[in-house]
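Some notes on the structure that comes next.
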Amino acid sequence: MSKNTIPSFPDYTRTEELVNSLTHGAGLLFGLVAVPWLIYTASTGSWNDLLGASVYGFSFLLIYAASTLYHSFQKPRLKHRLRIFDHVAIYVMIAGSYTPFVLIYVNNFTGYTILSILWMLTLIGLFFKVFYVGRFEKLSVAIYILMGWMLIFGARSFWENLPGFTIAPIAIGGLLYTIGVIFYRWESLRYHHGIWHVFVLAASLFHFTAVYWAVQ
261 MSKNTIPSFP DYTRTEELVN SLTHGAGLLF GLVAVPWLIY TASTGSWNDL
311 LGASVYGFSF LLIYAASTLY HSFQKPRLKH RLRIFDHVAI YVMIAGSYTP
361 FVLIYVNNFT GYTILSILWM LTLIGLFFKV FYVGRFEKLS VAIYILMGWM
411 LIFGARSFWE NLPGFTIAPI AIGGLLYTIG VIFYRWESLR YHHGIWHVFV
461 LAASLFHFTA VYWAVQ
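Just so you know, the sequence shown maps onto residues 261 to 476 in the numbering used here.
Rendered as structure tokens:
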């Protein structure tokens with residue numbers, strides 16, 4: 261792709277883009293208040309607690325800042341750059357969501373292997389999103405889902421080490437993300453992307469709760 265070529269963007273109406281930006285703007289506002297509290301709470305525990313909460317908190321703020329900015333601006337060149345930012349942030353958010361649970365509970369060979377693969381996929385995703393933005397969308401969605409459910413490959417280790425109070429919100433969050441993908445791909449449905457955003461917001465709130473319970 262030429263550096264001067266700007267890819268086309270999804271054909272959202274102004275109202276749809278307003279909904280898209282407001283839904284994740286709400287997530288950003290929540291994060292600006294809740295993430296500092298999460299990190300403060302984690303600071304009273306171990307270094308793994310603090311590192312895990314910090315990585316997760318950064319990824320939480322990144323995804324909602326990126327998404328809100330992308331949907332708020334319509335100038336093609338700026339929107340092109342923000343779209344890259346938005347899509348890369350999704351990879352970071354998925355890997356960042358695993359990080360505290362591996363560092364705190366599943367800090368064994370299986371956990372660290374899965375975490376390493378996740379951050380490797382994040383770097384690969386970053387490469388494709390930066391240099392091939394707007395292309396390989398189906399592959400991107402497949403990688404998002406694979407990353408989201410990577411714990412299946414270490415299910416026994418996660419099941420044996422994660423405390424019961426974290427399993428339910430993690431599972432519910434993962435299910436909400438997966439259901440949300442249906443609406444993400446349902447492009448003929450008006451407000452489909454805003455609906456996807458609501459699922460993402462709900463899922464991330466469940467995961468935030470699990471992280472908070474893990475570090476308190």
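Where is the CB? At the ideal position from N, CA and C, for every residue including glycine.
Excluding the five sequence neighbours on either side, which residues of its own chain have a C-beta within less than 6 Å of the C-beta of residue i, listed in chain order?
| i | result |
| --- | --- |
| E277 | H331 |
| F443 | H452, I455 and W456 |
| L411 | F418 |
Less than 7 Å between the beta carbons of residue i and residue j, yes or no?
| i | j | result |
| --- | --- | --- |
| H424 | T370 | The amino acid at residue 424 is misidentified as His; the sequence shows Gly. Cβ atoms of G424 and T370: not closer than 7 Å. |
| G385 | Y351 | yes |
| A402 | T382 | no |
| Y358 | L329 | no |
| L321 | G291 | yes |
| V348 | K389 | yes |
| M353 | S400 | no |
| I364 | A474 | yes |
| V458 | T273 | no |
Output needed for residue i: all residues of its chain with C-beta closer than 7 Å, excluding positions within five of it in sequence on either side, in chain order.
| i | result |
| --- | --- |
| S417 | V366, N368, T370 and G371 |
| A294 | F468 |
| I405 | T438 and V441 |
| N429 | Sequence check: residue 429 is Pro here, not Asn. Answer for P429: F466, H467, T469 and A470, listed in chain order. |
| G305 | V475 |
With a CB to CB cut of under 8 Å and the five nearest residues on each side skipped, what residues in its chain are close to residue i?
| i | result |
| --- | --- |
| S334 | For the record, residue 334 in the displayed sequence is Gln; it is not Ser. Contacts found: E277. |
| W314 | Here residue 314 turns out to be Ser, not Trp, going by the sequence shown. I299 and A302, listed in sequence order. |
| F387 | none |
What residue range is occupied by the uninterrupted alpha helix (DSSP H) comprising residue i?
| i | result |
| --- | --- |
| M410 | Segment: none, M410 is in no alpha helix (DSSP H) and carries neither H nor E. |
| T328 | W307 to S332 |
| N280 | R274 to A302 |
| R341 | P336 to I364 |
| L378 | F369 to F391 |
| F396 | Premise fails: F396 is in no alpha helix (DSSP H) and is neither H nor E. |
Compute the beta-carbon to beta-carbon distance between residue i and residue j, rounded to the nearest angstrom, for a pair I have assumed lies under 8 Å.
| i | j | result |
| --- | --- | --- |
| D346 | A326 | 4 Å |
| G434 | W409 | 7 Å |
Taking all protein chains shown into account, decide if residue i is buried (16 or more other Cβ within 10 angstroms of its Cβ) or exposed.
| i | result |
| --- | --- |
| S376 | exposed |
| P360 | buried |
| T275 | exposed |
| A463 | buried |
| Y324 | buried |
| I374 | buried |
| Y316 | buried |
Closer than 6 Å to a non-hydrogen atom of the ligand HEM - does that hold for the CB of residue i?
| i | result |
| --- | --- |
| G454 | Summarising the ligand content, the structure contains no ligands, and the ligand HEM is consequently not present. |
Would you please verify whether the beta carbon of residue i is less than 7 Å from any beta carbon of chain C?
| i | result |
| --- | --- |
| F391 | The chain inventory of the structure shown lacks chain C, comprising one protein chain alone. |
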